[in-house]
Amino acid sequence: MKITRSAHRRTVLAAALAASVLSLAGCGDDGNGSAAASPSPTASVSVPAGEHNQADIDFAQGMIPHHRQAVMMSDMAETRASADEVKALAVKIRKAQEPEIATMSAWLTAWGEKVPQGMGGMDHGDASSMPGMMNDQQLDDMRGASGAAFDSMFLTQMIRHHEGAVAMAETEKKEGAYAPAKDLADDIITAQKAEIAQMREMLGTTG
Numbered sequence: 439m440k441i442t443r444s445a446h447r448r449t450v451l452a453a454a455l456a457a458s459v460l461s462l463a464g465c466g467d468d469g470n471g472s473a474a475a476s477p478s479p480t481a482s483v484s485v486p487a488g489e490h491n492q493a494d495i496d497f498a499q500g501m502i503p504h505h506r507q508a509v510m511m512s513d514m515a516e517t518r519a520s521a522d523e524v525k526a527l528a529v530k531i532r533k534a535q536e537p538e539i540a541t542m543s544a545w546l547t548a549w550g551e552k553v554p555q556g557m558g559g560m561d562h563g564d565a566s567s568m569p570g571m572m573n574d575q576q577l578d579d580m581r582g583a584s585g586a587a588f589d590s591m592f593l594t595q596m597i598r599h600h601e602g603a604v605a606m607a608e609t610e611k612k613e614g615a616y617a618p619a620k621d622l623a624d625d626i627i628t629a630q631k632a633e634i635a636q637m638r639e640m641l642g643t644t645g
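In my numbering, the protein residues as written are 439 to 645.
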């Protein structure tokens with residue numbers, strides 16, 4: 439299933455005006471079940487002008503670690519999944535969310551705010567308390583799975599993870615002030631709702 443992203447967001451992500459150079463320490467999986475630094479995008483991302491508020495800061499600081507966990511889960515699928523459809527979906531998720539991490543990190547840097555490291559959110563306490571985030575036990579269970587069992591676990595957990603991201607994005611649309619952040623939130627809602635429907639179909643579930 440192909441997801442069409444908005445032209446506005448493609449323009450933002452494509453812009454390379456050397457506003458800031460970021461080195462992101464994303465969290466990944468090394469194939470042996472241990473957390474390791476994954477290749478996070480190092481990019482020069484332009485930051486459009488515009489007023490922002492605390493809701494925009496919270497959105498970026500929460501969504502960055504949330505996205506990093508989705509990327510980590512997708513990395514696991516490369517070696518653990520058995521279904522080609524699951525592997526393809528994981529690649530699509532990673533390719534969509536890594537540039538979004540870079541974009542949100544650029545915003546925070548331009549605003550003089552801290553960029554979260556790894557999967558720890560700023561002022562969110564335990565990362566697993568964020569909507570849809572897997573806790574340590576769930577991550578360990580996924581690391582220990584393979585084949586069809588992994589496929590089912592990946593789809594089930596990614597549905598929950600996407601639902602959490604959609605909820606966070608909907609809050610940004612209601613409470614945020616920064617237009618590019620609200621646009622990104624809209625993109626996340628559109629893309630991830632479509633992926634939720636796809637994953638439910640893959641699991642043979644509805645609703």
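All C-beta atoms in this analysis are idealised placements derived from N, C-alpha and C, irrespective of residue type, glycine included.
None of these values were measured; they are calculated from a predicted model.
Contact belief for residue i with residue j at Cβ below 8 Å, rounded distance in angstroms
i, j, result
"Q388", "M557", "The structure shown does not extend to residue 388, since the chain is modelled only from 439 to 645, so the question has no answer here."
"E610", "K620", "6 Å"
"H504", "A632", "Contact doesn't hold; Cβ gap of about 18 Å is too wide."
Where residue i falls: helix, strand or coil (DSSP)
i, result
"A607", "helix"
"A583", "coil"
"A619", "helix"
"P537", "helix"
"W545", "helix"
"V553", "coil"
"P503", "helix"
"H599", "helix"
"M571", "coil"
"E639", "helix"
"V529", "helix"
"E613", "helix"
"A632", "helix"
Own chain, CB closer than 8 Å to residue i, minus 5 neighbours either side, in chain order
i, result
"S520", "S584, G585, A586, F588 and D589"
"M591", "D579, M580 and A583"
"Q595", "M511, M572, Q576 and M580"
Nonlocal neighbours in the same chain, by C-beta distance under 6 Å from residue i, ignoring five residues either side
i, result
"N491", "A615"
"A481", "Reliability of the predicted coordinates at A481 is poor, the pLDDT of 44 falling under 50, and the value obtained from them is presented with this limitation in mind. Taken in chain order, the residues that qualify are A540."
"A623", "A607, E610 and K611"
"R532", "V509 and S512"
Contact under 7 Å by Cβ, residue i with residue j
i, j, result
"I495", "E551", "yes"
"P554", "I626", "no"
"S512", "A534", "no"
"M640", "I597", "no"
"A493", "W545", "no"
"G570", "E601", "yes"
"A548", "V485", "yes"
Residues near residue i by beta carbon distance below 7 Å, same chain, minus five either side
i, result
"A617", "G488"
"I634", "I597, H600 and E601"
"A515", "V524, K525, A528 and F592"
"S642", "Going by the sequence as given, residue 642 is Gly instead of Ser. Here the set comprises nothing."
"E613", "A493"
"R518", "A583, S584 and F588"
Residue i - partner residues in DSSP beta bridges
i, result
"A519", "G585"
The ligand ZN heavy atom lying under 6 Å from the CB of residue i
i, result
"M640", "No copy of the ligand ZN occurs in the structure displayed, which carries no ligand at all."
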